[in-house]
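S.K.: Last residue of the sequence shown: number 729 in my numbering, and the count goes up by one each step with no gaps.
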Amino acid sequence: MDIQSEAALTEVVADSASTNGHHCDYLHYPQGSTAMVQSTDNKDTFSWSNLILAYKTLGVVFGGLVTSPLYVYPSMTLNSPTEEDYLGIYSIMFWTLTLIGVVKYASIALKADDQGEGGTFALYSLLCRNMNIGILSSKHSYLNSSRSRSVLHEGTKGKSRLGKVFETSIVARRLLLFIAMLGTCMLIGDGILTPAISVLSAMDGLRAPFPSVSKSLVEALSAVVLFVLFLLQKFGTSRVSFLFSPIMGAWTLSTPLVGIYSIIHHYPSIFKALLPHYIIRFFWRNGKEGWLMLSGTILCITGSEALFADLGHFNRSSIQIAFLFTIYPSLVLTYAGETAYLIKNPNDHKDAFYKSIPKIVYWPIFIIATSAATVASQSLISATFSVIKQSVVLGYFPRVKVVHTSSNKEGEVYSPEVNYILMVFCVGVILIFGDGQDIGNAFGVVVSLVMLITTILLTLVMIIIWRTPPWLVAMYFFIFFTMEGVYVSAVLTKIPEGGWIPFAISFILAFIMFGWYYGRQRKIEYELTHRIDMERLGVLLSDPSVRRVPGLCFFYTNIQNGLTPILGHYVKNMSSLHKVTIFTTLRYILVPKVAPQERIVVKQLSPKGVYACVIQYGYADSLNLEGDDFVSQVTDSLRVHIENCSSCLDSDPSQVQEEISELREAKMAGVIHIRGKARFHIGKNSSLFDRYTLALYEVLHNNCRSALPALGVPLSQRLEVGMFYEA
């Protein structure tokens with residue numbers, strides 16, 4: 003145990019929801035507890051609840067994947083294709099769906115969840131926690147204990163050589179962070195392009211029976227559909243899935259039936275293309291042109307990343323059941339039927355899906371297709387909300403508002419700001435880049451790069467955390483990195499033809515994320531350098547002009563081993579300090595969830611009525627730190643702390659009751675929340691990089707309405723103290 007100089011002061015971890023505390027002479031975690039809460043939603047046992055969840059996943063998780071037949075063939079550039087070409091293309095799509103969909107995502111990636119959360123940042127957090135690398139605020143804590151350190155650094159014994167490389171090399175850590183950020187930016191780009199291409203491709207079905215329908219009208223109708231879709235997001239994933247799942251169920255059942263019809267009537271022997279030698283013959287015959295066509299075939303697996311990123315909204319078993327028993331067979335049959343039709347009608351690839359539908363069921367299928375394409379957008383929208391939330395909590399994205407739409411499922415989140423920004427971008431992509439092939443080219447870039455990044459991070463998880471045998475790791479990495487690397491090389495040739503769109507989006511997002519992260523680190527470094535110690539606080543309070551006034555005051559700070567520099571500015575300007583003053587820090591721990599009994603950590607400081615409070619949380623936690631509820635949680639924890647400290651220090655019971663009474667009176671007298679503005683003073687010798695990134699952070703920090711819990715209280719109860727952070 004690393005005991006600080008204030009070891010004589012007792013500390014306690016109190017459950018804010020109960021009066022049962024645990025007392026000791028230092029920070030104490032109840033025996034047998036852990037800072038992680040095991041997810042109860044990821045049990046792999048078969049049950050009816052999993053079947054119900056599997057049904058709900060149809061409307062949220064698999065929309066982008068199962069509607070891909072609408073735009074895969076139209077996104078390809080085919081010149082006089084032959085029967086052998088179509089057999090080779092179908093073989094490529096079948097093995098892409100099988101290897102990447104079934105093996106990589108359904109069988110491997112879903113097992114790499116971080117306590118129920120999936121996606122790029124979940125993998126990054128899992129790696130950071132197991133390699134003892136993380137954000138600055140996790141490393142400078144005066145409230146650390148052996149127990150908390152064991153959680154943060156679990157797995158330090160017997161580390162792999164690669165893990166030690168990341169711990170000792172700052173270049174390796176920055177490279178890992180860059181890969182995680184790039185994957186996040188690309189997934190957000192996916193959330194923009196999936197709704198655009200899905201809805202546009204479905205609405206384009208109007209032009210087959212009605213050639214007079216203009217392209218502009220199709221684009222306008224698509225924009226209206228997307229507008230309505232984004233307005234529905236505020237109702238939450240559960241309600242949306244309840245509405246959307248019947249639509250996706252109808253689509254998943256109807257399209258393979260159309261496929262079977264096409265197979266029987268056009269090319270019954272289509273399944274001979276499952277033999278891999280058709281792929282070899284395809285590339286042997288087409289050479290470079292065949293390689294370029296991969297930029298279209300990659301779209302058959304689009305939406306597969308959502309299968310992993312949406313894990314927090316459901317659970318592993320439900321997603322696996324839905325994919326293996328409905329989605330995968332449906333796609334295999336649908337693509338088989340579409341390809342069978344094209345073998346007999348080789349020049350219809352621009353609208354193969356609609357032309358392959360029998361006329362008698364055309365309009366019912368069109369209605370289902372349009373509805374399904376709208377629903378398809380939900381998978382990546384939900385995934386975007388999840389990854390944005392993880393990024394915010396990890397400290398790599400500005401603190402936008404995140405709303406938990408379910409009391410039973412922590413992973414169900416909705417962000418109003420992100421939702422409307424996505425809506426604007428989606429509609430803009432349709433209206434500006436109305437050509438489905440251009441959007442398909444951009445889409446291919448996003449899909450391939452996100453999959454490649456997931457492969458890299460999963461390989462690291464297999465080596466560092468799972469300790470998978472080297473030959474299995476080598477086989478996994480060789481197969482998937484080679485396959486996805488070839489796809490990436492093909493789609494990058496489409497950058498001039500629309501492929502630049504996701505790079506532009508990702509560049510903007512990466513600039514915002516890195517600016518926020520860099521500015522945040524510089525701000526923390528300043529506070530650590532200029533923090534106020536107990537001796538300095540005593541000097542400030544010894545000034546005769548400084549009075550202790552009634553009331554409860556919260557100071558918000560980023561540091562945990564000292565008092566915020568804002569305190570000095572406040573005392574000098576106000577010439578007072580409240581009788582009960584609490585220095586509050588939000589401390590991120592590299593775990594998904596923190597146990598409720600370990601959420602609030604309090605410590606009594608040497609001046610009477612002055613306390614330190616740390617709110618510990620993981621990236622999957624729901625933080626309800628606003629208004630009266632937050633104040634009550636902290637004051638209840640302080641009361642438990644005072645009562646338990648009395649037994650440790652043999653305090654006079656009357657003094658204990660007096661301290662509790664002062665706490666109650668201070669709360670009744672009024673609550674003040676004090677936060678510091680992030681203003682950076684840039685010196686003359688500062689680099690242009692510093693100027694831009696710190697200025698960006700200042701703008702983002704001072705305009706994010708949910709940046710601190712203090713923002714949730716009325717303006718009359720909030721006091722802002724500005725200060726300059728010298729860069």
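In this text, a Cβ means the ideal position worked out from N, Cα and C, and glycines have one as well.
Which full runs of the alpha helix (DSSP H) of 4+ residues lie inside the stretch 340 to 392, going along the chain?
M.R.: Within the stretch 340 to 392, the complete alpha helix (DSSP H) runs of at least 4 residues are 354 to 357.
S.K.: Are M183 and F516 closer than 9 Å when you measure CB to CB?
M.R.: In this structure, F516 lies closer than 9 Å to M183 by Cβ.
S.K.: Drop a sphere of 10 angstroms on the beta-carbon of L177, count the other beta-carbons inside from all chains shown, and report buried for 16 or more, exposed for fewer.
M.R.: L177 is exposed by the Cβ-count criterion.
S.K.: Step through the CB atoms of chain D and report whether any lies within less than 9 Å of the CB of V68.
M.R.: Protein chain content of the structure displayed is limited to a single chain, and chain D is not contained in it.
S.K.: For a test of the three-state rule: what should DSSP assign to Q618, helix, strand or coil?
M.R.: The answer is strand: DSSP assigns Q618 an E or B state.
S.K.: With a threshold of 8 Å, establish whether the CB of K361 neighbours any heavy atom of the ligand GDP.
M.R.: You won't find the ligand GDP in this model; it holds no ligand whatsoever.
S.K.: Buried or exposed, going by whether 16 or more other CB atoms sit within 10 Å of the CB of A476?
M.R.: By the 10 Å Cβ count, A476 comes out exposed.
S.K.: Taking the beta strand (DSSP E) that V557 falls in, what are its first and last residues?
M.R.: A small correction: the amino acid at residue 557 is Phe; Val does not occupy that position in the sequence shown. Note, F557: beta strand (DSSP E), R549 to T559.
S.K.: With a cut-off of 8 Å on the beta carbons, I'd call V389 and V402 a contact; round off their distance for me.
M.R.: Not confirmed; about 12 Å, so no contact.
S.K.: Could you check which residue in G120, S450, G251 and M453 has the C-alpha nearest to that of F327?
M.R.: Closest option to F327, Cα to Cα, is G251.
S.K.: For a test of the three-state rule: what should DSSP assign to Q606, helix, strand or coil?
M.R.: Three-state DSSP puts Q606 in a strand.
S.K.: Grab the span of the alpha helix (DSSP H) containing P504 for me, first residue to last.
M.R.: That run of the alpha helix (DSSP H) goes W502 to T531.
S.K.: I'd like the ranges of any alpha helix (DSSP H) spanning at least 4 consecutive residues and lying wholly in the stretch 167 to 221.
M.R.: Fully enclosed alpha helix (DSSP H) runs of 4 or longer: 172 to 205.
S.K.: Check V415 in the structure and name its three-state DSSP category.
M.R.: Correct three-state label for V415: strand.
S.K.: Pull the bridge partners of I674 from the DSSP assignment, please.
M.R.: Paired residue(s): C555.
S.K.: CA-CA distance, P400 and S171?
M.R.: Roughly 27 Å between the two C-alpha positions.
S.K.: Might you give, ordered along the chain, the residues of its own chain that have their beta carbon closer than 6 Å to the beta carbon of G292, omitting 5 neighbours on each side?
M.R.: Here the set comprises F284 and F285.
S.K.: Decide if the stretch 187 to 206 is in contact with the stretch 362 to 376; the criterion is three or more beta carbon pairs, one per stretch, under 8 Å apart.
M.R.: At 8 Å Cβ cutoff, the stretches touch.
S.K.: Do the stretch 323 to 338 and the stretch 90 to 107 make contact, defined as three or more Cβ pairs closer than 8 Å?
M.R.: Yes, they touch.
S.K.: Below 8 Å on the Cβ atoms is my guess for G339 versus I455; work out the distance and round it to an integer in Å.
M.R.: Contact flag wrong, Cβ pair sits at about 33 Å.
S.K.: According to DSSP, is V636 helix, strand or coil?
M.R.: V636 falls in the helix class under three-state DSSP.
S.K.: If you follow the alpha helix (DSSP H) that L494 is part of, which residue opens it and which one closes it?
M.R.: Element bounds for L494: n/a, residue is neither H nor E.
S.K.: Since F246 and V377 should fall inside the 8 Å C-beta cutoff, what is the C-beta to C-beta distance between them, to a whole number of angstroms?
M.R.: Right, the Cβ-Cβ distance comes to about 4 Å (below 8 Å), so this counts as a contact.
S.K.: Would you say L296 and Y489 are within 9 Å of each other, going by their C-beta atoms?
M.R.: Cβ distance < 9 Å, so L296 and Y489 count as in contact.
S.K.: Could you tell me the distance, in whole angstroms, from the CA atom of L462 to the CA atom of P472?
M.R.: Taking the straight line joining both Cα atoms gives about 12 Å.
S.K.: Assuming L55 and F316 make a contact with CB atoms under 8 Å, what is their CB distance in whole Å?
M.R.: Between F316 and L55 the Cβ distance is about 5 Å, and since that is below 8 Å, they are a contact.
S.K.: In three-state terms, what does DSSP make of Y613?
M.R.: Strand at Y613.
S.K.: Taking only three categories from DSSP, how would you classify D115?
M.R.: DSSP places D115 in coil when its eight states are reduced to three.
S.K.: If you draw a straight line from the C-alpha of T257 to the C-alpha of C615, how long is it?
M.R.: Each residue's alpha carbon lies about 57 Å from the other.
S.K.: How would you label D535, buried or exposed, when you count the other beta carbons within 10 angstroms and need 16 or more for buried?
M.R.: D535 comes out exposed.
S.K.: Check for me: the alpha helix (DSSP H) holding Q322 runs from which residue to which?
M.R.: Its alpha helix (DSSP H) spans residues R318 to A324.
S.K.: Can you find the residues in the same chain that come closer than 8 Å, C-beta to C-beta, to R469, ignoring five residues on each side of it along the sequence?
M.R.: S162.
S.K.: Using 8 Å as the Cβ pair cut-off and three pairs as the minimum, do the stretch 667 to 674 and the stretch 577 to 585 touch?
M.R.: Touching, yes.
S.K.: Over what stretch of residues does the alpha helix (DSSP H) that includes G65 continue unbroken?
M.R.: Where G65 is concerned, the enclosing alpha helix (DSSP H) stretches over G65 to V68.
S.K.: Taking the alpha helix (DSSP H) that F310 falls in, what are its first and last residues?
M.R.: Its alpha helix (DSSP H) spans residues S306 to A311.
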